[in-house]
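Working notes, beginning with the structure itself.
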Amino acid sequence: MSFKLDSVKFFNAKYLIQMYQELQVLSPHVSTREFHFLRYSQEIEKGTWAIVDVSYDNPQDKQCMPQFRSHRFPSGCLIQNMPNGQSKVTWIEHVEVEDKTPIHKYFRNCIYSGMAFGAERWLAILQRMCERMSSLTVTTNSTRGLGGVITSPEGKTSMLKLCQRMVTNFCASVGTSNGQNWTTTFGSNEIRFRVTSHKSKDPKQTNGVVLSAATTIWLPIPLHIVFNFFKDEKRRPQWDVLSNGNPMQEVANIVNGSHPGNSISILQDFNTTKNGMLILQESCIDSSGALVVYCPVDLPSINKAMSGEDPSFIPLIPSGFSISPDGHRRRGGGDRASTSSSLTRSIGGSGGSLITILFQILVSNIPSAEINMDLVAHVTKLINTAIQQIKVSLNYPSSLS
Numbered sequence: 001m002s003f004k005l006d007s008v009k010f011f012n013a014k015y016l017i018q019m020y021q022e023l024q025v026l027s028p029h030v031s032t033r034e035f036h037f038l039r040y041s042q043e044i045e046k047g048t049w050a051i052v053d054v055s056y057d058n059p060q061d062k063q064c065m066p067q068f069r070s071h072r073f074p075s076g077c078l079i080q081n082m083p084n085g086q087s088k089v090t091w092i093e094h095v096e097v098e099d100k101t102p103i104h105k106y107f108r109n110c111i112y113s114g115m116a117f118g119a120e121r122w123l124a125i126l127q128r129m130c131e132r133m134s135s136l137t138v139t140t141n142s143t144r145g146l147g148g149v150i151t152s153p154e155g156k157t158s159m160l161k162l163c164q165r166m167v168t169n170f171c172a173s174v175g176t177s178n179g180q181n182w183t184t185t186f187g188s189n190e191i192r193f194r195v196t197s198h199k200s201k202d203p204k205q206t207n208g209v210v211l212s213a214a215t216t217i218w219l220p221i222p223l224h225i226v227f228n229f230f231k232d233e234k235r236r237p238q239w240d241v242l243s244n245g246n247p248m249q250e251v252a253n254i255v256n257g258s259h260p261g262n263s264i265s266i267l268q269d270f271n272t273t274k275n276g277m278l279i280l281q282e283s284c285i286d287s288s289g290a291l292v293v294y295c296p297v298d299l300p301s302i303n304k305a306m307s308g309e310d311p312s313f314i315p316l317i318p319s320g321f322s323i324s325p326d327g328h329r330r331r332g333g334g335d336r337a338s339t340s341s342s343l344t345r346s347i348g349g350s351g352g353s354l355i356t357i358l359f360q361i362l363v364s365n366i367p368s369a370e371i372n373m374d375l376v377a378h379v380t381k382l383i384n385t386a387i388q389q390i391k392v393s394l395n396y397p398s399s400l401s
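The UniProt record's numbering applies: residue 1 is where the sequence shown begins, and numbers increase by one.
Right under this line is the structure:
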């Protein structure tokens, strides 16, 4: 889940802001929800803040005719200081959405139940992001750099900024925001792929045309099991079709949350030389879902980021996985060896998982280059092969979907 805020206008010095927001499920099969709203913040009593959003009519909405009408009634959160130094957050979501296009069958239960856009999801993400920011102030041996520990706060901050940009790029590329037009094509077993391309014009980034291909599959396997499978570098050759089956090793790690799965990793192919490419990866998980996002980055760039230099110059074309609960609960399902953990039970429950796979490649360094169908077929074949390998590795028959 991601969102963006544009056109921020302050009507007075502190309290009222005009905002535009896009909310998306991380899949090209689900339309983005757009909101124009006013946000009002006020300390209603000492140590207690209220942040309230409410939609307002935007004349441009009538001109562009969005795929659905979305309206936010008074919604928001109440934040209270607690005696133990923590905060108590109460969140309320009250929205009305009129869909003009059918909701994909995989996501109906997830959306209708409120899991996709509900208050519980925002609280889970808020808690995880607060832990991520707090990790900047923690210096422990759980932060390992290339050949040692990242002791510099600047290095840790730079790496977190780099990975945040990577994840933001991934979220923007996998959804339907920014008017992104997806073309549907079919792979084996009638798997529907969505394919699009965009031109990178950022002077700090790779200049050229990027091809993106994505699809969503359903597996009757709890979220935490799928997440652990993708995060385990020892099992990476089982799904990474570009690794040529070569084993990977984790050479650096930054833990940025209370859950051990919330971390930044730098992975290296055992067969890669010291001057070769590394894999930068961020993984995160909470009760609302999980992400495993990765991108090849050269060693000199990684070293500069870890030393605290500005990471904005490092080109990133990320790929990865978004994993979310399917909204169903299965009797007696789940991983019996893990059900004793309340933390595990809270993440994804015992239902199945919706897995969105995004694969991106730089097609050409020439911004005017055109995409040919042979290349599209090659990329969708790579994803299709990865899907079949994922199903085999998780003991799920490829013939079922």
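Idealized CB from N, CA, C, for every residue including glycine.
Identify which residue in Leu16, Ser322, Leu362, Tyr15 has its Cα closest to the Cα of Gly175. Ser322
Is the beta carbon of His29 sitting closer than 9 Å to the one on Tyr106? yes
Report yes or no: do three or more beta-carbon pairs, one from the segment 353-370 and one from the segment 164-175, lie closer than 8 Å? yes
At the level of alpha carbons, what is the spacing between Asp53 and Phe37? 6 Å
According to the neighbour-count rule (16 or more other Cβ atoms, all chains shown, within 10 Å of its Cβ), is Cys295 buried or exposed? buried
Who are the near neighbours of Thr90 in its chain, counting only those whose CB is closer than 6 Å to its CB and skipping five residues on each side? Leu78
Within this structure, are the beta carbons of Lys46 and Arg69 separated by less than 9 Å? no
Can you give me the Cβ contacts of Ala116 inside the same chain, cut-off strictly under 6 Å, excluding the 5 residues immediately before and after it? Val25, Cys110
Below 8 Å, how does it come out for the segment 360-370 and the segment 207-218: are there three or more Cβ pairs, yes or no? yes
Rounding to the nearest angstrom, what Cα-Cα distance links Gln389 and Glu233 in this structure? 15 Å
Quick check: the Cα distance between Gly320 and Val379, rounded to an integer number of angstroms? 14 Å
Which word fits Phe230, buried or exposed, when buried means at least 16 other C-beta atoms lie within 10 angstroms of its C-beta? buried
To the nearest angstrom, report how far apart Met373 and Thr183 are at their CA atoms. 11 Å
Using the beta-carbon count (16 or more within 10 Å), is Asn81 buried or exposed? exposed
Quick check on Ser212: does DSSP put it in helix, strand or coil? strand
Report buried or exposed for Ala290, applying the criterion of at least 16 other Cβ atoms within 10 angstroms of its Cβ. buried
Where does Gly175 fall in DSSP's three states? coil
Give the list of continuous alpha helix (DSSP H) stretches no shorter than 4 residues that lie fully inside the segment 80-131. 108-112
Just verifying my parser: in three-state terms, what is the DSSP assignment at Ala290? strand
Within 9 Å, strictly: CB atoms of Arg132 and Leu160: yes
Report the three-state DSSP secondary structure of Phe270 (helix, strand or coil). coil
Can you tell me the Cα-Cα spacing of Ser324 and Ile92, whole angstroms? 21 Å
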